[in-house]
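Novice: Protein chains in written order, with numbering that gives the first Met the number 0: chain A, 0 to 534; chain B, 0 to 381. Okay, here's the structure, questions in a sec.
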Amino acid sequence: MDILLQSLARPLILLRLLASLALLALGSPANALPSAVIVPLAGDDPDARSQAVDAITSSGDPNAARILAALVDARLYLQGESAVFVENDKAFRVEDGASAPVPAGEAIIANNRLRGEADAALSSLRLFDPVFEVRMAAAKELASSADEAQRDALARALAGKLDPKVRALVEVALARIELQSPEPAKRTVAAHTLSVSDDPQVKSVLAERMRDEADPDVRQAIGAALAAIDRRVARSEIVARVLTGISLGSVLLLAALGLAITYGVMGVINMAHGELLMVGAYATYLTQDFFRHYLPDMQDWYVIAAIPVAFLAAAAVGLVIERLVVRFLYGRPLETLLATFGVSLVLAQGARSLFGAQNVELSNPSWLSGGFELSAALVLPWNRIGIVAFSIAVLGLVALVLVNTRLGLYVRAVTQNRRMAACMGVPTGRTDALAFALGAGIAGLGGVALSQFTNVGPDMGQAYIVDSFMVVVLGGVGQLAGCVVAAFGLGIVGKFLEGWTGAVIAKILVLVFIIVFIQRRPQGLFALKGRQVEA
Amino acid sequence: MRHPVQAHSEGVAARPGYMDAPWEKPTLLRREWLVALALFGLIGVLVPLAHVLLPEGAAFRPSTYLVTLTGKILCYATVAVALGLIWGFAGILSLGHGLFFALGGYAFGMYLMRQIGRDGSYGKDLPDFMVFLDWKTLPWFWQGSDQWWWAMLMVVFVPGLLALVFGWFAFRSRIKGVYLSIVTQALTYAAMLLFFRNETGFGGNNGFTDFKRIFGVSITAPGTRAALLAASALWLLVAFLACRFIVRSKYGRVLEAIRDAETRTMFLGYDPVPYKLAAWVFSALLCAIAGALYVPQVGIINPSEMSPANSIEIAVWVAVGGRGTLVGPIVGAFLVNLAKSFFTQAFPQLWLFFLGTLFIVVTLALPNGVVGLLRRRKETNN
Chain A
0 MDILLQSLAR PLILLRLLAS LALLALGSPA NALPSAVIVP LAGDDPDARS QAVDAITSSG
60 DPNAARILAA LVDARLYLQG ESAVFVENDK AFRVEDGASA PVPAGEAIIA NNRLRGEADA
120 ALSSLRLFDP VFEVRMAAAK ELASSADEAQ RDALARALAG KLDPKVRALV EVALARIELQ
180 SPEPAKRTVA AHTLSVSDDP QVKSVLAERM RDEADPDVRQ AIGAALAAID RRVARSEIVA
240 RVLTGISLGS VLLLAALGLA ITYGVMGVIN MAHGELLMVG AYATYLTQDF FRHYLPDMQD
300 WYVIAAIPVA FLAAAAVGLV IERLVVRFLY GRPLETLLAT FGVSLVLAQG ARSLFGAQNV
360 ELSNPSWLSG GFELSAALVL PWNRIGIVAF SIAVLGLVAL VLVNTRLGLY VRAVTQNRRM
420 AACMGVPTGR TDALAFALGA GIAGLGGVAL SQFTNVGPDM GQAYIVDSFM VVVLGGVGQL
480 AGCVVAAFGL GIVGKFLEGW TGAVIAKILV LVFIIVFIQR RPQGLFALKG RQVEA
Chain B
0 MRHPVQAHSE GVAARPGYMD APWEKPTLLR REWLVALALF GLIGVLVPLA HVLLPEGAAF
60 RPSTYLVTLT GKILCYATVA VALGLIWGFA GILSLGHGLF FALGGYAFGM YLMRQIGRDG
120 SYGKDLPDFM VFLDWKTLPW FWQGSDQWWW AMLMVVFVPG LLALVFGWFA FRSRIKGVYL
180 SIVTQALTYA AMLLFFRNET GFGGNNGFTD FKRIFGVSIT APGTRAALLA ASALWLLVAF
240 LACRFIVRSK YGRVLEAIRD AETRTMFLGY DPVPYKLAAW VFSALLCAIA GALYVPQVGI
300 INPSEMSPAN SIEIAVWVAV GGRGTLVGPI VGAFLVNLAK SFFTQAFPQL WLFFLGTLFI
360 VVTLALPNGV VGLLRRRKET NN
């Protein structure tokens, strides 16, 4: 479906598609078009030529669109009494669409005026295409680019039967033309009509008219229309910001979730967490390479395959880190911080040696490109929707693991009281290792998600580590719910500030806010109570 | 603070166990004074003099590279001592000390930028980057920066005020340990982002460079380089002695008590906030002045000095040398930075592997650093 929509945006492919659709209808040439209609096109009389175009347009012939397209592209031939048009090196007779020998002579040359008329006629013809997407695409194109020459065609189209959505767009298209009308009354009506449009172009057209407009009534109408558009744009911008904020929050959540687990359970500040994200992202890259070489047919689905690969890769790296380094430093958080920072340097440099200092290329699968259109001004990209869904799924899985599995039980027991858990027979060492690996694996999943819309390179870990810590610190250590609230909160607040102050200042403000917030509510954030405070 | 009995009989010093009572130790023993002054004489007096007096090409003339490198490492060592003071003796691991260093550097860099005068590539009164941004007048915070005394005042004032405000809030809320580390890291990260912006007014990501003069004399002249090296050595000596004095004083003992058991110290009637805050601000000031000495020697200051990774590297100097000592940070700063100079020239791709491994090995195997290792060996030998 997406492929269809995307390609519809390009008129050339559209025409080809139209042609093939029309081919399907070949069997029944209900309103056949006699070649005689074409004859004046080859002549010199401009009025006769225009009438010929009109005749083709209004004929109702299923091939009309193909013939007009052929006229525009100089693929329409007149050989004696029989007219032929050529498509992809195959020729078809105009009167019944049947195959014909490819003509040898000169094609009918359309001058600019004729070509403009044919183009206008084409777009209004497409408004009545049997396929809805084609109708919508044609209407959208009209709404953003209709000009004076198309006025009559549009008026005729409005008189016909149109779907409501298409009709609204056609009305906008007509109103854009009418806005330049010499009669003030028409201009006022046009301004009213335009006030419902979401198209950013319409706004600039209105503003342009406002500059030259002298009539006070029209000025007022245009002013009202502009205000209405501004209000709607502002509203959809807010919605857009909330939504991008949510998707940014999902990224933060994925980045911080693993950290929340490792910190919550073991009190380990893992500075190499960002590099575990990087491991996940590179695992995604390797999976893509694997698919490219061995499964090129299924390349679109490499992201799905990368999810378990990245999880296992990052979890394995995490397990190694825990066994070799972190294990010896329990209870010494500052040393852990330094040692894991060392690990992060080694991992980042390792990635640099293995994959080069440049960012690696990752392609977005086609099913994640494009977007879901709420209105002309508001398109939700599928990859953003995808990441929100993915992070919610991961969050659900983590919650499930923590609540419903034996490992989760052990993890919670160790979090609450390590020594008592050990007395009850919980293998704390193994729990630590597994929890660390779990946290690392979740970071790997975050890496998969990140690989879909940021650069994957050896420095990517550093970019996320401060942010992830902020989420964990703000949300309260070891609390999934706090982590979720903090991640989405930071994401949305950050995006809003970005709109007002620019990205860098927004980031600084968020950091300062967190620093101040921690000053005000240290205990609420760290969720340490009573005797645990000094532990 | 000496015990009255001790004044009469110096012989008490030989009594076993006496050396373990730090509150009765002087700032430096006589032997230590000798070593410290000898080292200062070598690095801070002899090397600069040799650089100036010996003719170009003489066998023992320290090269410009050596003088600059030594001066740079001396500044780093001062920062390490400053971090060693608060980490080793107050338990505050700051991962944002690079910020104070860089702020000091920027404050003095502003003066150096103004000293360029009309010799910049645009030949205007304004610093080049402002001309490039099409600014017409100096921003308000650049006023006065053409006066050296004002610049020096700012070197102390700006980082000091930031440290005071931040420290007061942090210590009052009893933020400590890993949280303080992370918050300081966030602080320097935020500052880095701020300074990366062109509009902030400090040259964006290029920072300040192309200095020409300092106090009216050429900044690249051998005499200037020698004087800056001597000043850096002197500042390190002052920093070391001051920190040593602090940790040997009663104040230092309370600081250590707070490090080991803050709540218990509170119950004994001490308010930890002023103790920690004073050490914190003092430490920040040491860094700031070291930064001001650093900038004219390396000839550039840019926001990457504030990157979190830079600040955390300071911590590894201290860790390598030995936490809980003041000699350790100096030793660590020299060892790590000499290794860095060697690696980044000989095997650039290995340097980060080496540094990363150093972080891991030092924390796992050398909790007391090189100095701790030497001390332990000496003890076992005895």
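Using N, Cα and C, we set each Cβ at its ideal position, and we do this for glycine too.
Mapping the DSSP letters down to three states, classify A/Q287 as helix, strand or coil.
Specialist: Helix at A/Q287.
Novice: Could you tell me the boundaries of the beta strand (DSSP E) in which A/K89 lies?
Specialist: Start and end: K89 to R92.
Novice: For a contact defined as C-beta to C-beta under 9 Å, what are the partners of A/L337 on chain B?
Specialist: The contacting residues are L92, I311, A314, V315, A318, F358, I359, V361 and T362.
Novice: Is there a Cβ of chain A sitting closer than 8 Å to that of B/P307, yes or no?
Specialist: By this cut-off, B/P307 is an interface position.
Novice: Please work out which residues of its chain come closer than 8 Å, Cβ to Cβ, to A/R418, disregarding the five sequence neighbours upstream and downstream, and give them in chain order.
Specialist: So the list is empty, once near-sequence residues are dropped.
Novice: Ignore the nearest five residues each way along the sequence and tell me which others in B/W139's own chain have a CB closer than 6 Å to its CB.
Specialist: If we look at B/W139 and ignore the five residues flanking it on each side, it has no Cβ neighbours.
Novice: For the structure I just gave you, are there three or more beta carbon pairs, one from the stretch 199-207 of chain B and one from the stretch 101-110 of chain B, closer than 8 Å?
Specialist: Contact between the stretch 199-207 of chain B and the stretch 101-110 of chain B is present, because at least three Cβ pairs lie under 8 Å.
Novice: Can you tell me the Cα-Cα spacing of A/E497 and A/A136, whole angstroms?
Specialist: Approximately 33 Å between the Cα atoms of the pair.
Novice: Use the C-beta contact count for A/S365: other C-beta atoms within 10 angstroms, 16 or more gives buried, fewer gives exposed.
Specialist: With fewer than 16 Cβ atoms within 10 Å of its Cβ, A/S365 is classed as exposed.
Novice: So, A/G456 versus A/N382, is the Cβ gap smaller than 8 Å?
Specialist: Contact: no.
Novice: Spatial neighbours of B/R113 within its chain, please: C-beta separation below 6 Å, excluding the five flanking residues on both sides.
Specialist: The residues are S144 and D145.
Novice: Can you confirm whether the stretch 499-515 of chain A touches the stretch 179-190 of chain B when touching is taken to mean that 3 or more C-beta pairs between the two stretches lie within less than 8 Å?
Specialist: Yes, they touch.
Novice: Tell me the rounded alpha-carbon separation between A/M277 and A/V133.
Specialist: Rounded to the nearest angstrom, the two C-alpha atoms are 43 Å apart.
Novice: What is the residue span of the alpha helix (DSSP H) that B/Q344 lies within?
Specialist: Segment V326 to A345, the alpha helix (DSSP H) holding B/Q344.
Novice: Quick check: B/V369 and B/G321, are their CB atoms within less than 8 Å of each other?
Specialist: Yes, the pair counts as a contact, with Cβ atoms nearer than the cut-off.
Novice: Which same chain residues end up closer than 6 Å to A/K202 when comparing Cβ atoms and leaving out the 5 residues on each side of it in sequence?
Specialist: I228, listed in sequence order.
Novice: Quick check: is the beta carbon of A/K506 nearer than 8 Å to any beta carbon in chain B?
Specialist: Chain B, which has a Cβ nearer than 8 Å to the Cβ of A/K506, makes this yes.
Novice: Quick one: which chain B residues come within Cβ less than 7 Å of A/L275?
Specialist: In chain order: nothing, as chain B lies at least about 15 Å away.
Novice: Reducing DSSP to helix, strand and coil, say where A/Q415 ends up.
Specialist: Correct three-state label for A/Q415: helix.
Novice: Any idea what DSSP makes of B/Y269, helix, strand or coil?
Specialist: DSSP places B/Y269 in coil when its eight states are reduced to three.
Novice: Let me make sure I understand the geometry here. Which of B/N301, B/R374, B/V319 and B/S310 has the alpha-carbon closest to that of B/G104?
Specialist: For B/G104, the nearest C-alpha among the options comes from B/N301.
Novice: Under 6 Å Cβ to Cβ from A/A313, same chain only, skipping five residues before and after it: list those, please.
Specialist: Excluding positions up to five away in sequence, the list reads L275, V278, G279, A439, G440, A442 and G443.
Novice: Can you tell me whether DSSP reads A/G330 as helix, strand or coil?
Specialist: Correct three-state label for A/G330: coil.
Novice: For a minimum of 4 consecutive residues, which ranges assigned as the alpha helix (DSSP H) are wholly contained in the stretch 132-161 of chain A?
Specialist: Within the stretch 132-161 of chain A, the complete alpha helix (DSSP H) runs of at least 4 residues are 150-158.
Novice: Are A/G445 and A/L253 close, meaning C-beta to C-beta below 8 Å?
Specialist: It is a contact, given that the beta carbons lie within the stated cut-off.
Novice: Go to B/F214, then tell me how far its alpha helix (DSSP H) extends in each direction, as first and last residue.
Specialist: Where B/F214 is concerned, there is no enclosing alpha helix (DSSP H), given that its DSSP letter is neither H nor E.
Novice: Which full runs of the alpha helix (DSSP H) of 4+ residues lie inside the stretch 67-134 of chain A, going along the chain?
Specialist: As far as the stretch 67-134 of chain A is concerned, its whole alpha helix (DSSP H) runs of at least 4 residues are 111-125.
Novice: Rounding to the nearest angstrom, what Cα-Cα distance links A/I517 and A/L473 in this structure?
Specialist: About 7 Å.
Novice: Verify the CB distance criterion: does A/S122 have a CB-CB separation below 8 Å to chain D?
Specialist: Of the protein chains in the structure, A and B, none is chain D.
Novice: Are the Cβ atoms of A/A259 and A/L479 separated by less than 8 Å?
Specialist: Yes, the Cβ-Cβ distance between A/A259 and A/L479 is below 8 Å.
Novice: Which of helix, strand or coil does DSSP assign to B/V80?
Specialist: Correct three-state label for B/V80: helix.
Novice: Within 10 angstroms of the Cβ of A/R519, are there 16 or more other Cβ atoms? Answer buried if so, exposed if not.
Specialist: Exposed: under 16 other Cβ atoms inside 10 Å.
Novice: The stretch 417-433 of chain A: which residues have C-beta closer than 7 Å to a C-beta of chain B, in chain order?
Specialist: Of all residues in the stretch 417-433 of chain A, none has a Cβ within less than 7 Å of some Cβ in chain B.
Novice: Mind checking B/G215: buried by the 16 CB within 10 Å criterion, or exposed?
Specialist: Exposed, because fewer than 16 other Cβ atoms sit within 10 Å of the Cβ of B/G215.
Novice: Does the stretch 295-305 of chain A come within contact of the stretch 325-336 of chain B, defined as at least 3 CB pairs closer than 8 Å?
Specialist: No contact exists between the stretch 295-305 of chain A and the stretch 325-336 of chain B.
Novice: Counting pairs of beta carbons, one from the stretch 152-164 of chain B and one from the stretch 63-72 of chain B, are three or more of them closer than 8 Å?
Specialist: In short, these stretches do not touch, since the Cβ pair count stays below three.
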